[in-house]
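Asker: Chains G and B supply the protein sequences, listed in that same order. Using our numbering, the letters of the first sequence map in sequence onto residues 8 to 167. Using our numbering, the letters of the second sequence map in sequence onto residues 8 to 167. All residues carry an ideal CB built from backbone N, CA and C; glycine is no exception. Please read all numbers here as calculations on a predicted model, not as lab measurements.
Protein chains: 2
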Amino acid sequence: MLKLTKKADYGLMAMKHLAEHSNHGACSAKDVAEAYGIPHEALAKILQRLAKVGLVRSQHGMNGGYTLTRDPKMISAFEVIKAIDGPLFITSCVTVRGECDQSDRCTIREPLRKVNESIEQVLKNIKISQMKEEPEIIDLVKQEEKKPGDRKPAELITIS
Amino acid sequence: MLKLTKKADYGLMAMKHLAEHSNHGACSAKDVAEAYGIPHEALAKILQRLAKVGLVRSQHGMNGGYTLTRDPKMISAFEVIKAIDGPLFITSCVTVRGECDQSDRCTIREPLRKVNESIEQVLKNIKISQMKEEPEIIDLVKQEEKKPGDRKPAELITIS
DNA sequence: TATAACTCCGACTCTTTCGGTCGTATTTAG
DNA sequence: CTAAATACGACCGAAAGAGTCGGAGTTATA
Chain G
8 MLKLTKKADY
18 GLMAMKHLAE
28 HSNHGACSAK
38 DVAEAYGIPH
48 EALAKILQRL
58 AKVGLVRSQH
68 GMNGGYTLTR
78 DPKMISAFEV
88 IKAIDGPLFI
98 TSCVTVRGEC
108 DQSDRCTIRE
118 PLRKVNESIE
128 QVLKNIKISQ
138 MKEEPEIIDL
148 VKQEEKKPGD
158 RKPAELITIS
Chain B
8 MLKLTKKADY
18 GLMAMKHLAE
28 HSNHGACSAK
38 DVAEAYGIPH
48 EALAKILQRL
58 AKVGLVRSQH
68 GMNGGYTLTR
78 DPKMISAFEV
88 IKAIDGPLFI
98 TSCVTVRGEC
108 DQSDRCTIRE
118 PLRKVNESIE
128 QVLKNIKISQ
138 MKEEPEIIDL
148 VKQEEKKPGD
158 RKPAELITIS
């Protein structure tokens, strides 16, 4: 549960790959797919959606492929995921149109909406350029787990 | 995407309902289901899973039903969700056994694992007793959205 | 200029998971 | 013993997922 789809995974991998190879010109979908062992036609479709929202630029013909349109420091993981999988809502109650459809007494809607916003912010603050294998760059969580019995007045999650 | 299942939604609603009616004795699955307009047999199956992990206690026979086993202040949303939907992993790469199965060059595994931990902590800090319709109790996010072009050196997400 | 190679693009099918239903057995109060 | 409630398993339809196929467009090269 609560996992993002393989498409989003592939999209993030491809964006990172393009960021690392931006100096070598465009990368074809086939090249990226073979580099990570994923079906290249599935990844092509993902890159198409990224091109449609303007995150990458597609280039037809020989030696064509995809290039980033922005500095990878300015592209968040949230943008990539949202482009591929659509808007994210943690709860099934909150739809695009706003409210619960089946029960007007859904009393947990507001707290979960807050959680949803929190997750969005976490993903918005992760940039493609940070997607390296250096975990110390990203310090997402700066707190220990809860201990039942004490109420911590203020907890912190620091990002970057 | 990134939404938790309806079962988890129902489970959280039921837990909150039990927390509010703990002084009236046990609540039957049918009562809870009718209160929120959800099929009572689907909710019964959810409550069974919650009973199996010990979050609620079931009582057979007439005037039976379900009761919480702990103080609702000590039950986190994470426990409920995990009991219903299983362990959560934000990325498909990270399985229960640990690693990517298809590609050993999945370079985004570690950053996403950090994101995953962050989300877990957010959910662990939301208690059933906090699931009221008073949004000011829970202040999950304390920042505005990003503006492409400025780099905020340190961002904060404050919890409770 | 014309051909051919290489790329992107959109529609389609198949599989898996989710949500919900039904039926039967078990337990308990009256 | 009967009524009311949970416990448990199997089953079915719907929906979203992952992947595949052929076609359209573009550029290099002879």
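1) Measure the C-alpha to C-alpha separation of residue 85 (chain G) and residue 60 (chain G) and round it to an integer number of angstroms.
2) Run the CB neighbour count on residue 127 (chain G), radius 10 Å, all protein chains shown included, and call it buried at 16 or more, exposed below.
3) Does the Cβ-Cβ distance between residue 118 (chain G) and residue 69 (chain B) come in under 7 Å?
4) Locate the alpha helix (DSSP H) running through residue 122 (chain B), then write down its first and last residues.
5) How big is the Cα-Cα spacing for residue 92 (chain G) and residue 14 (chain G)?
6) What is the DSSP secondary structure of residue 134 (chain G), reduced to helix, strand or coil?
7) When you check each C-beta in the segment 119-131 of chain G against every C-beta of chain B, which residues fall closer than 9 Å?
8) Closer than 8 Å by beta-carbon distance: list the chain B residues that pair up with residue 137 (chain G), in chain order.
9) Could I get the ranges of all uninterrupted alpha helix (DSSP H) runs contained in the segment 40-96 of chain G, with 4 residues as the minimum, in chain order?
10) Does residue 53 (chain B) come within less than 7 Å of chain G when only Cβ atoms are used?
11) Using the beta-carbon count (16 or more within 10 Å), is residue 24 (chain G) buried or exposed?
12) In chain order, what residues of the same chain have a beta carbon less than 6 Å from the beta carbon of residue 94 (chain B), not counting five sequence neighbours either side?
13) Is it true that the segment 71-91 of chain B meets the segment 29-37 of chain B, where meeting means three or more beta-carbon pairs spaced less than 8 Å apart?
14) How big is the Cα-Cα spacing for residue 90 (chain G) and residue 12 (chain G)?
15) Output yes if chain B places a C-beta closer than 7 Å to the C-beta of residue 19 (chain G); else output no.
16) Whose C-alpha, out of G:29, G:49 and G:87, is nearest the C-alpha of residue 75 (chain G)?
17) Taking the alpha-carbon positions, what's the residue 122 (chain G) to residue 43 (chain G) distance?
18) Quick check: is the beta carbon of residue 23 (chain G) nearer than 7 Å to any beta carbon in chain B?
19) If you follow the alpha helix (DSSP H) that residue 33 (chain G) is part of, which residue opens it and which one closes it?
20) Would you kindly work out how many angstroms separate the C-alpha atoms of residue 81 (chain B) and residue 26 (chain B), rounded to a whole number?
21) Using only the alpha-carbon positions, how far apart do residue 131 (chain G) and residue 83 (chain G) sit?
22) Helix or strand or just coil, what does DSSP make of residue 142 (chain G)?
23) Just the chain G side, please: which residues come within less than 9 Å of residue 114 (chain B) by C-beta, in chain order?
24) So, is residue 134 (chain B) buried or exposed, given that buried needs 16 or more other C-beta atoms within 10 angstroms?
25) Would you tell me roughly how many angstroms separate the C-alpha atoms of residue 46 (chain G) and residue 20 (chain G), rounded to the nearest one?
26) Does DSSP classify residue 19 (chain B) as helix, strand or coil?
Answerer: A quick look at the data gives this:
1) CA-to-CA, the gap between residue 85 (chain G) and residue 60 (chain G) works out to about 13 Å.
2) Buried is the call here.
3) Not in contact: residue 118 (chain G) and residue 69 (chain B) (Cβ atoms no closer than 7 Å).
4) Counting along the chain, residue 122 (chain B) sits inside the alpha helix (DSSP H) bounded by residues 116-131.
5) Using only the alpha carbons, I get a separation of about 8 Å.
6) It is a strand residue.
7) Per Cβ criterion, the list reads 119, 120, 121, 122, 123, 124, 125, 126, 127, 128, 129, 130 and 131.
8) Within chain B, the residues near residue 137 (chain G) are 118.
9) For the segment 40-96 of chain G, whole alpha helix (DSSP H) runs of length 4 or above, ordered along the chain, are 47-59 and 84-92.
10) So no, residue 53 (chain B) is outside the interface.
11) That one is buried.
12) Setting aside the 5 residues that flank it on each side, residue 94 (chain B) has no residue in the same chain whose C-beta is closer than 6 Å to its C-beta.
13) By the Cβ test, the segment 71-91 of chain B is in contact with the segment 29-37 of chain B, since at least three Cβ pairs between them sit closer than 8 Å.
14) Going by C-alpha positions, residue 90 (chain G) is about 12 Å away from residue 12 (chain G).
15) Yes, residue 19 (chain G) counts as interfacial toward chain B.
16) Residue G:29 is the option with its Cα nearest to residue 75 (chain G).
17) In a straight line, the C-alpha of residue 122 (chain G) is about 33 Å away from that of residue 43 (chain G).
18) Yes, contact with chain B.
19) Run containing residue 33 (chain G): none; DSSP gives neither H nor E here.
20) For the pair residue 81 (chain B) and residue 26 (chain B), the Cα-to-Cα distance works out to about 11 Å.
21) Their Cα atoms are separated by approximately 5 Å.
22) Note that residue 142 (chain G) scores 46 on pLDDT, short of 50, meaning its location in the model is unreliable; the coordinates nonetheless yield the value given after this. In this structure, DSSP gives residue 142 (chain G) a helical state, which the three-state scheme calls helix.
23) Within chain G, the residues near residue 114 (chain B) are 20, 23, 24, 27, 43, 138, 139 and 140.
24) Looking at its Cβ environment, which holds 16 or more other Cβ atoms inside 10 Å, residue 134 (chain B) is buried.
25) Looking at the two C-alpha atoms, the distance is approximately 13 Å.
26) If DSSP states are grouped into helix, strand and coil, residue 19 (chain B) belongs with the helices.
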